[in-house]
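For the record, in the sequence shown the residue sitting at position 365 is 359 according to my numbering, with numbers rising by one throughout.
Just so it is clear, CB atoms sit at the ideal spot from N, CA and C, and this is done for glycine as well.
These numbers were taken from a predicted model, which means no experiment stands behind them.
First comes the structure, then the notes that go with it.
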Amino acid sequence: MSKQFDVIVIGGGPGGYIGAIRAAQLGFNVACIDEWKNAAGGPAPGGTCTNVGCIPSKALLQSSEHFEHANKHFAEHGISTGKVTMDVAKMVGRKDAVVKQNNDGILYLFKKNKVSFFHGRGSFVKAVPPGEGGTSGSTGGYEIKVTGAAEETLVGKQVIVATGSNARALPGVAFDEENILSNDGALRIGAVPKKLGVIGSGVIGLEMGSVWRRLGADVTVLEGLPTFLGAVDEQIAKEAKKAFDKQGLKIELGVKIGEIKNSKKGVSVAYTNAKGEAVALDVDKLIVSIGRVPNTIGLNAEAVGLQLDERGAIVVDGDCKTNLPGVWAVGDVVRGPMLAHKAEEEGVAVAERIAGQHGHVNFNTIPWVIYTSPEIAWVGRTEQQLKEQGVKYKAGTFPFLANGRARALGDTTGMVKFLADAATDEILGVHIVGPMASELIAEAVVAMEFKASAEDIARICHAHPSLSEATKEAALAVDKRTLNF
Ligand code: FAD
Ligand code: NAI
-5 MSKQFDVIVI GGGPGGYIGA IRAAQLGFNV ACIDEWKNAA GGPAPGGTCT
45 NVGCIPSKAL LQSSEHFEHA NKHFAEHGIS TGKVTMDVAK MVGRKDAVVK
95 QNNDGILYLF KKNKVSFFHG RGSFVKAVPP GEGGTSGSTG GYEIKVTGAA
145 EETLVGKQVI VATGSNARAL PGVAFDEENI LSNDGALRIG AVPKKLGVIG
195 SGVIGLEMGS VWRRLGADVT VLEGLPTFLG AVDEQIAKEA KKAFDKQGLK
245 IELGVKIGEI KNSKKGVSVA YTNAKGEAVA LDVDKLIVSI GRVPNTIGLN
295 AEAVGLQLDE RGAIVVDGDC KTNLPGVWAV GDVVRGPMLA HKAEEEGVAV
345 AERIAGQHGH VNFNTIPWVI YTSPEIAWVG RTEQQLKEQG VKYKAGTFPF
395 LANGRARALG DTTGMVKFLA DAATDEILGV HIVGPMASEL IAEAVVAMEF
445 KASAEDIARI CHAHPSLSEA TKEAALAVDK RTLNF
């Protein structure tokens, strides 16, 4: 007999598990189905983000940053350590433990919020018309089959699809996760490769390239586009590129990737560089990070006629409604930025809409962070976008070099940049490259949500000494009245 639910969530990543918890908080009887398995075959909810994305990458970034600090920066604080070595297996083991804490945390949250968790693959079977199917009293919905350790049939009045995304492979170059690595393999390399190649200088390429460079690999990043970080404010991207060049992260722009040969000895990448010259790059490992594709494998979307677009993403409207009544989709499997916090916001908003509330996601204030060193973070529009759109704006920047806390930290790379409307002073974008940009950007997000002006931030008292004073000073710079620069 089928089990009845008000809401069935397929996928337990940030979009799915957060949506399930919010729906349960709103009084619904909720099931969440997730198929991710840990090494022992047990449940590992949290999706890409927890298992092979946000969390493990930040764990490795932290470990490798400690290593780099111990090697290169402790001495200037008067600390001598002798030879610093890295036990890669231990670092990866710590990362796995951090992942497990997060998996277990989600299982605990499901229990706490009375979300019924099913470990296995969820697939659409059929739409259930009102009054039919399931147990008596069914008001219709969708029949979902769970295939896993135990097979189950569930019926849900509402279904939220949150099946995420997978790494995109180069045509004809499959990931073997030994030599040719997706994000998955890149997070569990067993020993520091002498030479590491990365295709794609996007977010994963820069973060994972940084990890292995800090640990001693000779890293070459090959990027197809002629511009570095095209979506980032040009001035900020230029500053970041300068820092990466100085660190020895080799980034080649405007390349055209040719044949890739994989053998026991390593990987050989043939490419044409920006000058049109043929180059061969031999590396021990190759990370391919050229974007991600929406994942609907195993969902059996055809059974119910769930509409997908030409990229394979589930088609949704601004409210995350699909073409089917009572079926919603959130996160990486739909349009919009592939970010965990965007997925979470959509999950919450959909649960609230199901409850008849006015769930809302403001796409204009979704922050982006690249967790390299220096960190890069931004919210709102870039200077080049404002120019393209013909918006009249004022810009203000403040360098960390002139910030007392940054000097005390020994990390003065980068700047904070404000863009404000020329007439109203409303903040249109904030862009940061430098220490703790990931944390500093939160103030800008709040300010933009409240439609603050640059002057509002400039008039707010910021703790001294703190990096946040650079934010205040950049806001002052919009009106050309910085105090410390
Ligand atoms: P996912 O997290 O992909 O979760 C989908 C889940 O659904 C998975 O567990 C999958 O197994 C399950 N599933 C799929 N199909 C089925 C089915 N039929 N039945 C049952 N279960 C199914 N974003 C950030 O915001 N910050 C970061 O720092 C960041 N770092 C990243 C680093 C890397 C290396 C990568 C790859 C991504 C990173 N991201 C980051 C992006 C982030 O991971 C995704 O945007 C986010 O995980 C999307 O959430 P989701 O819930 O849509 O999908
Ligand atoms: P990406 O979209 O960030 O970058 C891909 C890069 O590869 C682009 O610069 C693109 O021009 C380049 N590229 C594409 N095809 C190419 C080719 N054939 N040859 C050479 N270059 C090519 O994608 P990435 O890094 O794979 O990450 C996927 C997504 O995961 C990100 O867009 C982001 O949404 C998410 N993510 C977020 C993180 C964060 O928030 N800190 C961290 C890591 C990933």
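What do you reckon, is the C-beta of residue i under 7 Å from a heavy atom of ligand 2?
| i | result |
| --- | --- |
| Glu172 | no |
| Pro331 | yes |
| Glu217 | yes |
| Ser58 | no |
| Ile435 | no |
| Ser204 | no |
| Leu164 | yes |
| Trp372 | no |
| Val226 | no |
| Arg401 | no |
| Tyr387 | no |
| Arg286 | yes |
| Gly306 | no |
| Val93 | no |
Please list the terminal residues of the continuous alpha helix (DSSP H) segment that includes residue i.
| i | result |
| --- | --- |
| Arg401 | 398 to 403 |
| Asn97 | 82 to 106 |
| Asn160 | Segment 159 to 161 is the beta strand (DSSP E) holding Asn160; no alpha helix (DSSP H) there. |
| Ala462 | Per the sequence presented here, residue 462 reads as Ser, with Ala not at that position. Its alpha helix (DSSP H) spans residues 462 to 472. |
| Thr493 | Lying before the first or after the last residue shown, residue 493 is absent from the chain, which here runs from -5 to 479. |
| Val197 | 197 to 208 |
| Glu483 | With the chain running from -5 to 479 in the structure shown, residue 483 is simply not present. |
With hydrogens ignored, establish whether the beta-carbon of residue i is closer than 7 Å to any heavy atom of ligand 4.
| i | result |
| --- | --- |
| Leu200 | Within the structure as shown, ligand 4 is missing, the only ligands being ligand 1 and ligand 2. |
Quickly, what does DSSP pair residue i with across the bridge? List them, please.
| i | result |
| --- | --- |
| Met409 | Pro393, Val427 |
| Phe68 | Phe68 is not bridged to any residue. |
| Tyr136 | Ala121, Gly150 |
| Glu338 | According to DSSP, which records beta bridges pairwise, Glu338 is partnered with nothing at all. |
| Pro331 | None, per the DSSP bridge assignment. |
| Lys374 | Note on residue identity: the sequence assigns Gly, not Lys, to residue 374. Its beta-bridge partners are Gly423. |
| Ile281 | Leu175, Val192 |
| Val24 | Val1 |
| Ile364 | Ile370 |
| Asp239 | Asp239 pairs with nothing; no bridge assigned. |
| Ser110 | Ala25 |
Could you pull out every residue in the same chain whose Cβ sits closer than 7 Å to the Cβ of residue i, ignoring the five residues on either side in sequence?
| i | result |
| --- | --- |
| Ala468 | Gly390, Thr391, Phe392, Val410, Lys411, Phe412 |
| Leu200 | Ile364, Thr366 |
| Ala64 | Thr75, Val78 |
| Lys336 | Gly330, Ile360 |
| Lys108 | Ala18 |
Looking at the unbroken beta strand (DSSP E) that takes in residue i, where does it start and where does it end?
| i | result |
| --- | --- |
| Cys314 | Taken as a continuous stretch (DSSP letters only), Cys314 belongs to no beta strand (DSSP E), as it is neither H nor E. |
| Gly252 | 250 to 257 |
| Gln19 | Where Gln19 is concerned, there is no enclosing beta strand (DSSP E), although the alpha helix (DSSP H) it sits in stretches over 8 to 19. |
| Glu217 | Glu217 -> no beta strand (DSSP E), and no H or E assigned at all. |
| Gly353 | Segment: none, Gly353 is in no beta strand (DSSP E) and carries neither H nor E. |
| Glu246 | 244 to 246 |
| Val263 | 260 to 266 |
| Trp322 | 321 to 323 |
| Arg475 | Per DSSP, Arg475 belongs to no beta strand (DSSP E) and is neither H nor E. |
| Arg286 | 286 to 288 |
Under 8 Å Cβ to Cβ from residue i, same chain only, skipping five residues before and after it: list those, please.
| i | result |
| --- | --- |
| Lys386 | Asp415, Ala416, Ala417 |
| Val373 | Thr359, Ile360, Pro361, Trp362, Gly423, Val424, Ile435, Ala438, Val439, Met442 |
| Gly184 | Val82, Ala83, Val86 |
| Glu369 | Val363, Ile426, Val427, Gly428, Pro429, Met430, Ala431, Ser432 |
| Phe479 | Phe392, Pro393, Ala396, Glu467, Ala471 |
Excluding sequence positions up to five away, which residues of its chain have a Cβ less than 6 Å from the Cβ of residue i?
| i | result |
| --- | --- |
| Ala231 | Phe222, Leu223 |
| Ile254 | Val167, Val263 |
| Gly408 | Glu233, Pro368, Phe394, Val427, Gly428 |
| Lys188 | Asp278 |
| Thr129 | Any reading at Thr129 must be qualified, since the residue scores a pLDDT of 47, below 50, and its modelled position is unreliable; no value is offered. |
| Ile2 | Ala25, Ile138, Leu148, Gly150, Val153 |
| Asp0 | Phe22, Asn23, Lys151 |
| Ile348 | Gln152 |
Any heavy atom of ligand 1 closer than 7 Å to the CB of residue i?
| i | result |
| --- | --- |
| Pro319 | no |
| His335 | yes |
| Arg52 | In the sequence as displayed, the identity of residue 52 is Lys instead of Arg. True, at least one ligand heavy atom lies under 7 Å from that Cβ. |
| Val153 | no |
| Pro8 | yes |
| Cys314 | no |
| Ser110 | no |
| Gly158 | yes |
| Val327 | yes |
With a cut-off of 8 Å, does the C-beta of residue i fall near any C-beta of chain D?
| i | result |
| --- | --- |
| Ile12 | The chain inventory of the structure shown lacks chain D, comprising one protein chain alone. |
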